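In the working numbering, the protein residues as written are 60 to 298. Taking it in order: structure first as structure tokens, then the write-up.
Rendered as structure tokens:
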């Protein structure tokens, strides 16, 4: 691992799972949806199944089967399938729309707001997420995330791990790839960013899929930094 951070000007972050706890948060929103609508289901399974639809719908955009479609809309398409999968019927459009906003209200990991605030004292902080801009802004307000700007898929009209997603963000910051570090809990995201010349920091999030979920936290040896959380990353970067 190379640990020289002197050239790094900006940190760009994967968000779902890296910065916020989607598993616990979406489960909670789904439970509230069930209570409000008199529906009983395994809401943990519901949350996990909804997340599992994320990549297949995104791949339809990446393959050209769907035109460019923002993540809010893909989440709603996945939700329609999910309700059918679970045999949940007679739900109002209003209730569906409200449940789809669950992804806008995800709780941060405890270290995220304070750790990001430390990092912001030295670096430009931006999202590098597949989430659309409105989603990211709502989430930042809800979770207290101190981004300097929102970058990612919607600006590039490309979903990670496409190269254009990362490179559009780098260009918009008027920086070189080696001046930008991708921070993520997902190794494939970091490896894709590294192919485009970005630096990499792996954050271990063993609870991303809940207490019973399995998450590989053994880092690829190519990553520049490996940290337990954002406070640890700030310490390693000298802030």
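Don't be surprised by glycine CBs; every beta carbon is placed ideally from N, CA and C. None of the values given here were measured: they were computed from a predicted structure.
Length of the line joining the Cα atoms of residue i and residue j
i           : j           : result
residue 121 : residue 115 : 10 Å
residue 290 : residue 118 : 34 Å
residue 94  : residue 107 : 19 Å
residue 67  : residue 182 : 8 Å
residue 296 : residue 238 : 14 Å
residue 174 : residue 139 : 36 Å
residue 135 : residue 65  : 42 Å
residue 231 : residue 193 : 18 Å
residue 123 : residue 102 : 32 Å
residue 71  : residue 168 : 17 Å
residue 259 : residue 199 : 23 Å
residue 143 : residue 149 : 11 Å
residue 271 : residue 158 : 24 Å
residue 63  : residue 218 : 29 Å
residue 69  : residue 133 : 29 Å
residue 87  : residue 214 : 30 Å
residue 146 : residue 253 : 42 Å
residue 100 : residue 195 : 29 Å
residue 141 : residue 109 : 6 Å
Simplified DSSP assignment, three categories, for residue i
i           : result
residue 10  : Since the first residue of the chain shown is 60 and the last is 298, residue 10 is not available in this structure.
residue 13  : This structure does not reach residue 13, given that the chain is present from 60 up to 298, and the question cannot be answered.
residue 150 : coil
residue 264 : coil
residue 141 : helix
residue 70  : strand
residue 181 : coil
residue 285 : strand
residue 167 : strand
residue 132 : helix
residue 100 : coil
residue 270 : coil
residue 79  : strand
residue 224 : helix
residue 298 : coil
residue 86  : helix
residue 217 : coil
residue 161 : helix
residue 6   : The structure shown does not extend to residue 6, since the chain is modelled only from 60 to 298, so the question has no answer here.
Within 7 Å, strictly: CB atoms of residue i and residue j
i           : j           : result
residue 227 : residue 212 : no
residue 204 : residue 293 : no
residue 127 : residue 233 : no
residue 186 : residue 74  : yes
residue 285 : residue 261 : yes
residue 112 : residue 76  : no
residue 80  : residue 166 : yes
residue 250 : residue 241 : no
residue 131 : residue 189 : no
residue 246 : residue 279 : yes
residue 277 : residue 265 : no
residue 298 : residue 151 : no
residue 170 : residue 288 : yes
residue 91  : residue 154 : no
Cβ shell of residue i (< 6 Å), same chain only, five flanking positions each side left out
i           : result
residue 105 : 89
residue 85  : 106 and 161
residue 172 : 203
residue 201 : 164
residue 78  : 72 and 171
Cutoff 8 Å; reference residue i; Cβ partners in own chain excluding five residues on either side
i           : result
residue 268 : 82, 107 and 274
Residues near residue i by beta carbon distance below 7 Å, same chain, minus five either side
i           : result
residue 236 : 229, 255, 256 and 257
residue 210 : 71, 185, 186, 187, 228 and 231
residue 125 : 119
residue 129 : 191 and 213
Residue-chain proximity (residue i, chain B), Cβ-Cβ < 7 Å
i           : result
residue 276 : Of the chains in the structure shown, none is chain B; there is only one protein chain.
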